[in-house]
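Per full-length UniProt numbering, the sequence shown starts with residue 215, numbered consecutively. For every residue, glycine included, the Cβ atom is placed at its ideal position computed from N, Cα and C. Here's the structure we're looking at; comments come further down.
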Amino acid sequence: EWTTGNIVEEQVEAILEQVGEARAICGLSGGVDSAVAAALVQKAIGEQLTCVFVDHGLLREGEVEQVKRDFVAATGAKLYVADEKERFLTALAGVSDPEEKRKIIGREFIRAFEDAEKAVLEEAAADGARVEFLVQGTLYPDVVESGGGEGAANIKSHHNVGGLPEDMQFKLVEPLRALFKDEVRAVGAELGLPAEIVQRQPFPGPGLGIRIIGEVTADRLEILRKADAIAREELTASGLDQEVWQMPVVLLADVRSVGVQGDGRTYGHPIVLRPVSSEDAMTADWSRLPYDLLATISNRITNEVQEVNRVTLDVTSKPPGTIEWE
Ligand code: XMP
215 EWTTGNIVEE
225 QVEAILEQVG
235 EARAICGLSG
245 GVDSAVAAAL
255 VQKAIGEQLT
265 CVFVDHGLLR
275 EGEVEQVKRD
285 FVAATGAKLY
295 VADEKERFLT
305 ALAGVSDPEE
315 KRKIIGREFI
325 RAFEDAEKAV
335 LEEAAADGAR
345 VEFLVQGTLY
355 PDVVESGGGE
365 GAANIKSHHN
375 VGGLPEDMQF
385 KLVEPLRALF
395 KDEVRAVGAE
405 LGLPAEIVQR
415 QPFPGPGLGI
425 RIIGEVTADR
435 LEILRKADAI
445 AREELTASGL
455 DQEVWQMPVV
465 LLADVRSVGV
475 QGDGRTYGHP
485 IVLRPVSSED
495 AMTADWSRLP
505 YDLLATISNR
515 ITNEVQEVNR
525 VTLDVTSKPP
535 GTIEWE
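As structure tokens, this is what we get:
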């Protein structure tokens, strides 16, 4: 019988058999798949697993803590954190082109992960152990997709943070290979992962880097992070987050518009709310969110985020628009 408990049991056994006494390493992205894969492997081999989290500084408010604190508390996993915020900001300085940003983020991510990996390998070597396995949160649809050519995937280069270097020396452990997303979420819940991780909506690997239209800077990230946190908080409070596939919040960082606040003129940035409903992200429709909810989000953002003086709503379906603005 195919129950969540059985899946966990079966996978734990399979992992034990595959990995044995060896050590394994697993990259965490902040997303569901890598967290659940890591939690499963941790359950099977405990201390033989080291999780690696590269903090590229492009995650949303609270997400770094979800990995560093909540994931560790829930699983007891050994975690190596690489603070690489400066590295990514430096590499992204002066770059506005979306594909260029993706390339840089993808490239720096692989390099940063390799650096972290080196540190973990050295630590293991000091114990006289060898790291032989790399854990990946590959799902069944990923397996199918990479088997067949798929045109639409080429519209944007979809770097999944955690992309594999070509000259990989590890054997792969892929405990989610037979599972669909909803099963992965159920397994995560069964393993005691917090809802913020298990129910997380899709979020692109390049993170907020492709939601700042224009150059990515620390100040702009800060602005977007605040606006995004408010929008997500209100969407969750309304209960409609279950019906919305995802709601990118986009900062038009190179655009300024005039506003008025108190007796002063403001000259701030607009942000765009992009709530969409979708089955698989290949096509999408803009979500008809209630006006009251939109009003609350707009009021709060313009009151609480000083640099934003205008909130707009994207009412474009996909196609012709894509879900993300870049
Ligand atoms: P688009 O914008 O192409 O997005 O309609 C479709 C889905 O893919 C996500 N997305 C990405 N995911 N790396 C990712 O891992 C990327 O570069 C990337 N670009 C878009 C997007 O959030 C949506 O769920």
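For a test of the three-state rule: what should DSSP assign to residue i, helix, strand or coil?
i	result
Ser492	coil
Asp528	coil
Glu346	strand
Gly320	helix
Ile537	coil
Asp329	helix
Ser360	helix
Gln456	helix
Pro416	coil
Gly219	helix
Asp297	strand
Val334	helix
Leu353	coil
Shortest alpha-carbon distance to residue i belongs to which of the options?
i	options	result
Ser531	Thr497, Gln280 and Gln520	Thr497
Leu454	Leu507, Lys257, Leu466 and Ala288	Leu507
Val281	Gln413, Glu223, Ala249 and Gln262	Ala249
Lys317	Gly423, Val286, Val334 and Pro408	Gly423
Leu435	Thr218, Gly271 and Val222	Gly271
Asp297	Thr217, Ala409, Phe267 and Ile319	Phe267
Ile511	Ser501, Val525 and Gln520	Val525
Leu353	Asp396, Glu313 and Glu337	Asp396
Trp459	Gly428, Ala445, Gln415 and Glu447	Gln415
Gln262	Asp284, Ala291 and Trp216	Ala291
Leu487	Thr450, Arg446 and Val398	Arg446
With 16 other CB atoms within 10 Å as the buried threshold, where does residue i fall?
i	result
Ala509	exposed
Pro389	buried
residue 160	Since the displayed the chain opens at 215 and closes at 540, residue 160 lies outside it and no answer follows.
Gly406	exposed
Val349	buried
Ser471	exposed
Ala409	exposed
Met461	buried
Thr321	In the sequence as presented, Thr is not what sits at residue 321; that position holds Arg. Result: exposed.
Glu336	exposed
Asn368	With a pLDDT of 43 at Asn368, under the threshold of 50, the modelled position of this residue cannot be trusted; read the value that follows with caution. The residue is exposed, with fewer than 16 neighbouring Cβ atoms inside 10 Å.
Val469	exposed
Pro355	exposed
Ala307	exposed
Out of curiosity, what's the CA-to-CA distance linking residue i and residue j?
i	j	result
Thr536	Ala288	36 Å
Arg439	Pro534	27 Å
Ala330	Pro504	45 Å
Asp433	Glu538	21 Å
Phe323	Glu518	32 Å
Ser452	Asp341	51 Å
Gly363	Gly351	For Gly363, the predicted model reports a pLDDT of 42, less than 50, meaning its position is unreliable and no value from the coordinates is stated.
Val358	Phe394	11 Å
Gly473	Tyr481	6 Å
Ser491	Asp499	5 Å
Ser310	Ser243	24 Å
Glu521	Ala467	10 Å
Gln225	Lys385	17 Å
Ala326	Gly276	22 Å
Ile221	Ala236	23 Å
- Task: Any chance you could list the beta strand (DSSP E) runs of at least 3 consecutive residues sitting entirely within the segment 226 to 289, in chain order?
- Result: 237 to 242 and 263 to 269
- Item | Within the segment 462 to 519, ranges of the alpha helix (DSSP H) (whole runs, at least 4 residues) | 505 to 518, all fully within the segment 462 to 519.
- Hey, which unbroken runs of the beta strand (DSSP E) at 3 residues or more fall wholly within the segment 391 to 446? none
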